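Visitor: Protein chains in written order, with the working numbering: chain A, 62 to 205; chain B, 29 to 255; chain C, 855 to 1252.
Note that the Cβ used here is the ideal one computed from N, Cα and C, for glycine as well.
Note that the structure is predicted; figures quoted are calculated from it, not measured.
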Amino acid sequence: MSEKGISTLGREGLILRLKEAQSKFGYVPQEVMAELAQSLEIPINEVYGVASFYSFLSTRPLGRNVIRICRSLPCYLKGAQTVIEAVEKELGIKPGETTPDGRFSFQLANCIGLCDQAPAMLINQDAHVELTPEKITQILRMYK
Amino acid sequence: MENKVNLTLNGRAVSARQGMTILEVARENGIDIPTLCYLEDFSPMGACRLCVVEVEGSRTLVGSCHTPVTEGMVVHTHSPKVLAARKILVELLLASHPDSCLVCDKANICELRRIAADLEVGLPRFHARKHYYPVEDENPHIIRDMSKCILCRRCVIACKSAGNGSMFSVAYRGFESKVVFGCDQLVDEAAVCPDFDGCIALCPSGALRKPVKIGEERAEKALIIKG
Amino acid sequence: MPQQRVVLKNCGVIDPRRIETYLERDGFKALAKVRREMTREQVTDEIKASGLRGRGGAGFPTGIKWEGARQAPGEEKYVICNADEGEVGTFKDRYILERDPFTLIEAMAIAGYAIGAKQGYIYLRAEYHHLFDLLQNAINQAKKSGYLDGFRIEIREGAGAYICGEESALMDSIEGKRGESRYRPPFPTTSGLWGKPTIINNVETLMNIPQIILNGAGWFSQMGTERSKGTKVFSISGDVENPGVYELVLGSPLRELVEDLASAKDIKLIQIGGATGRILPYEKIDTPLAFETVLGAGAVTVYNRSRDVIDIVYRTMEFLAEESCGKCTPCRQGTEVMVEILEKFHRGEGREQDIRNLEALSQVMMLTSLCGLGQAAPNAVMDTLQYFKDAYKKRVVV
């Protein structure tokens, strides 16, 4: 956002404010949705409808770091499955789950636009490319 | 003075007022096009696609509820191509619909079932996962069974009971889409609305219904299915 | 036909963080020219004459779009740059934005002048958040240098939804809503963002604009085929030795891209245009890449002979089912039904009847879906049923 700041935006700021909550709390808590509904004068179900539509927003708590491994065809062809298995082994969780210590949530993503450097993943906002099972251990160590 | 638009509807020359949709013109001329999401007093959604018609020169079929008529338009509302498409659309809705018509409270007034019968939909050709949602029967005025919902959104757009908008919204996306109350909560005892009967009457399937007390007379007219 | 750098002219040449390096390469001269010498009508006429068509996949003539918005009544109008490329295998716009954000900004300002808009938005996909600062920096520098007087550009980030690359869903998302497709008409040129006249152009489409203005429509329309003028930027990946971004004159044969440039070997099939794109068998490798034949947004995914056709189609459909907005029946229900049928073939448990059902369903999804996603969702199924029917037949239970 540039000059205005997102709090001055009306309805058009809803997604930005949901994203703000997402990065602050790691998810969009119900209290935040209730506040947004009140300040925008829309019913909470409408806020929920928006929040639940987008895959980078979560209405349930996620771990401190969110791993999104691309599972679309270009990454799949380059062995994304072995990378997925390496993460599963390293963290002891399956896609869709969060580690008990809350350090990582693990998700599979649709094409993230890094197909020339496949297989690829995002951890939070960082792109990691040309992944191999061996690289996974090192990369995950960077996130506390 | 109003501008007139001349078009050909099922081989017949008709004239319409500028700004009318194909559906409005068809209905004015006594042609019945089935609809599931359309509501007369609201802006069209174009979601169910059941009202599609063939317009000569168009690459695809067009939704008649939202497409305005234009001068010289040639429309076929019941061509074999249209009927085949409508039939598959209904089959797609039924693909994930519970097979519980026999015991469904709305069975005899169900619009989906009537349209399916009109289009001579037989045994299901397509299958999709069923949605298993709990029946929401805590509220004395409304029962929701979202496993029967066909996502027509009539209840969403027609409801104005939440002050600044509807009590219901569509949440999630794709096949997981669901009409939710609050943050996907059950419609509980506490939910109040001056006009639950309004949305119940609009629901074309068994998703919304009125709790019926034993022995009470039913107000709705029963459905007569041909064949 | 050689590679031709029009869109990628500055990529790898300028410093995307420093406007001076862009100015040295004729930067903002086209904007100065339109403001000084051309009427709005002359600008839209020039773009129309160039034959430029949208590079995001639909191929709509850009000049006609601009003209529509210019002529639409209303004080408030908008220019939107669609930087939400989400088609499987597409990364060309990321490549462009990383290397040359300035040309895009100049083009948006030209578009603003042409249609009479004071506000522009860049809708950036959430997955490209790492480009936000670079883009904002470029906007700030252009503004500071006085090139954006009377025109304001803001970046709006998506939140993870492929469908928001579809123009009507994109506008809903900017408005803070679920990204659902709208029916048309009305078209965005008359009723777009907040109901105001709006043009939505793909990143690559806009990248062509400054050079068309400076070199003239005639220069541009010399390149390409009858109905596909200029160049196209392709993203190629999959079973190739040199994945990456290549710019070719439109009409170049697929073989040149896939075999000569990306060095693919032992090819079985090629998917052009991502999940909603077309699938061609190797035998069709001499097909020219153009709007008349196959193009899409220029995503090219190559599969070698070790790959399984059913696996490819199944994964393609799974993607589309997940990314369908869910508003209209054929797309929401149809993609799910298709996933479940293809899953049966994947397990080797298909039936003859399923093949007929896939064919009938493909037709109806194509004919009745509300937007391009649903209409193009069955492409992979239809093409493989045409070229690789045996792959299905082999998985039928007898």
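1. Is the beta carbon of residue 103(B) closer than 7 Å to that of residue 37(B)?
2. Could you check whether the Cβ of residue 1196(C) sits closer than 7 Å to any Cβ belonging to chain B?
3. Note down, in chain order, each residue of its chain lying with its Cβ closer than 7 Å to the Cβ of residue 224(B), except the 5 sequence neighbours on either side.
4. Less than 8 Å between the CB atoms is what I'm expecting for residue 185(A) and residue 196(B), so what's the real figure, rounded?
5. In angstroms, rounded to a whole number, what distance separates the CA positions of residue 220(B) and residue 180(B)?
6. By the criterion of Cβ-Cβ separation under 7 Å, what are the contact partners of residue 80(B) in chain C?
7. Give, in chain order, every unbroken run of the beta strand (DSSP E) that is at least 3 residues long and sits entirely within the stretch 1000-1050 of chain C.
8. Would DSSP call residue 1150(C) helix, strand or coil?
9. Please classify residue 139(A): is it buried, with 16 or more other beta-carbons within 10 angstroms of its beta-carbon, or exposed?
10. Using a Cβ-Cβ distance cut-off of 7 Å, determine whether residue 1186(C) contacts chain B.
11. Between the alpha carbons of residue 144(A) and residue 1173(C), how many angstroms are there, rounded?
12. Starting from residue 978(C), follow the beta strand (DSSP E) in both directions and report where the run begins and ends.
13. Below 9 Å on C-beta distance, what does residue 250(A) contact in chain B?
14. By Cβ distance below 6 Å, which residues in the same chain neighbour residue 164(B) in space, the five residues on each side in sequence not counted?
15. Excluding five sequence neighbours on each side, which residues of the same chain lie with their C-beta closer than 8 Å to the C-beta of residue 1223(C)?
16. Measuring only between beta-carbons, confirm whether residue 190(B) sits less than 7 Å from chain A.
17. Looking at C-alpha atoms only, which residue of 239(B), 58(B) and 75(B) is the closest neighbour of residue 167(B)?
18. Around the C-beta of residue 895(C), are 16 or more other C-beta atoms found within 10 angstroms, so that it is buried, or is it exposed?
19. For residue 1099(C), which of helix, strand or coil comes out of DSSP?
20. Could you tell me the distance, in whole angstroms, from the CA atom of residue 1100(C) to the CA atom of residue 129(A)?
21. Only counting the same chain, and skipping five residues up and downstream in sequence, which positions put a Cβ closer than 6 Å to that of residue 255(B)?
22. Just to confirm, are residue 1131(C) and residue 1152(C) a CB contact at a threshold of 7 Å?
23. Please list, in chain order, the residues of the stretch 891-905 of chain C that have any C-beta partner in chain A closer than 8 Å.
24. For residue 899(C) and residue 970(C), I'd like the C-alpha separation in whole angstroms.
25. Is residue 1155(C) near residue 943(C), with beta carbons less than 7 Å apart?
26. Check the Cβ of residue 186(A) against every Cβ in chain C and list those closer than 7 Å, keeping chain order.
27. Inspect the CB distances between the stretch 1058-1069 of chain C and the stretch 932-950 of chain C and report whether three or more fall short of 8 Å.
28. On the DSSP bridge assignment, give the partners of residue 881(C) in chain order.
29. Restricting to runs no shorter than 3 residues, where is the beta strand (DSSP E) found entirely within the stretch 144-211 of chain B?
30. Any C-beta of chain D within less than 9 Å: which residues of the stretch 139-167 of chain A qualify?
31. Where does residue 984(C) land, buried or exposed, given buried means 16+ other C-beta within 10 angstroms?
32. Given a cut-off of 7 Å, decide if residue 1106(C) and residue 1143(C) are closer than it, judged by their beta-carbon atoms.
33. Should residue 64(A) be labelled buried (16 or more other beta-carbon atoms within 10 Å of its own) or exposed?
34. If you draw a straight line from the alpha carbon of residue 164(A) to that of residue 205(A), how long is it in whole angstroms?
35. Please classify residue 1216(C): does DSSP put it in a helix, a strand, or coil?
36. Can you tell me the Cβ-Cβ gap for residue 965(C) and residue 1014(C), rounded? I've got them flagged as a contact below 8 Å.
Guide: The structure says:
1. The Cβ atoms of residue 37(B) and residue 103(B) sit closer than 7 Å to each other.
2. Not a single CB atom of chain B sits nearer than 7 Å to the CB of residue 1196(C).
3. Contacts found: 169 and 170.
4. Their Cβ separation, rounded to whole angstroms, is 34 Å, which puts residue 185(A) and residue 196(B) out of contact at 8 Å.
5. Roughly 23 Å between the two C-alpha positions.
6. Within 7 Å Cβ-Cβ: 1222.
7. Qualifying beta strand (DSSP E) stretches, in chain order: 1006-1011.
8. Correct three-state label for residue 1150(C): coil.
9. By the neighbour-count rule (16 or more Cβ atoms within 10 Å), residue 139(A) is buried.
10. Yes - at least one Cβ of chain B is within 7 Å of the one on residue 1186(C).
11. Each residue's alpha carbon lies about 19 Å from the other.
12. Looking at the DSSP string, the run of the beta strand (DSSP E) that includes residue 978(C) is 973-978.
13. In the structure displayed, chain A extends from 62 to 205; residue 250(A) sits before or after that span and is not available.
14. Its chain contains 172, 214 and 215 as the residues whose beta carbon lies nearer than 6 Å to that of residue 164(B), once the 5 sequence neighbours on both sides are disregarded; these appear in chain order.
15. A distance below 8 Å between beta-carbons, with the five flanking residues on each side excluded, links residue 1223(C) to the following residues of its chain, in chain order: 1182, 1184, 1185, 1188, 1229 and 1231.
16. For residue 190(B), the answer is yes, since a Cβ of chain A falls inside 7 Å of its Cβ.
17. The residue among 239(B), 58(B) and 75(B) with its C-alpha nearest the C-alpha of residue 167(B) is 239(B).
18. The residue is exposed, with fewer than 16 neighbouring Cβ atoms inside 10 Å.
19. Look at residue 1099(C) here: in three-state DSSP terms it is strand.
20. Rounded to the nearest angstrom, the gap between the Cα atoms of residue 1100(C) and residue 129(A) is 27 Å.
21. A caution first: residue 255(B) carries a pLDDT of 46, below 50, which makes its placement in the model unreliable, though a value can still be read off. Within the same chain, no residue comes within 6 Å of residue 255(B) by CB-CB distance, once the 5 residues on both sides are set aside.
22. Taking 7 Å as the Cβ cut-off, residue 1131(C) and residue 1152(C) do not qualify as a contacting pair.
23. Considering only beta carbons, no part of the stretch 891-905 of chain C lies closer than 8 Å to chain A.
24. Straight-line measurement puts the Cα of residue 970(C) at about 15 Å from the Cα of residue 899(C).
25. Yes, Cβ-Cβ distance for residue 1155(C) and residue 943(C) is below 7 Å.
26. In chain order: 983 and 984.
27. By the Cβ rule, the stretch 1058-1069 of chain C counts as touching the stretch 932-950 of chain C, because three or more pairs are nearer than 8 Å.
28. Per DSSP, none; premise fails for residue 881(C).
29. Counting only runs of 3 or more, we get 196-199 and 206-209.
30. Among the protein chains in the structure shown, which are A, B and C, there is no chain D.
31. Residue 984(C) is exposed by the Cβ-count criterion.
32. Less than 7 Å separates the beta-carbon of residue 1143(C) from that of residue 1106(C).
33. The predicted position of residue 64(A) is uncertain, since its pLDDT is 45 and thus under 50; no value can be drawn from it.
34. About 7 Å.
35. Helix at residue 1216(C).
36. The beta-carbon separation of residue 965(C) and residue 1014(C), rounded to 27 Å, does not stay under the 8 Å limit for a contact.
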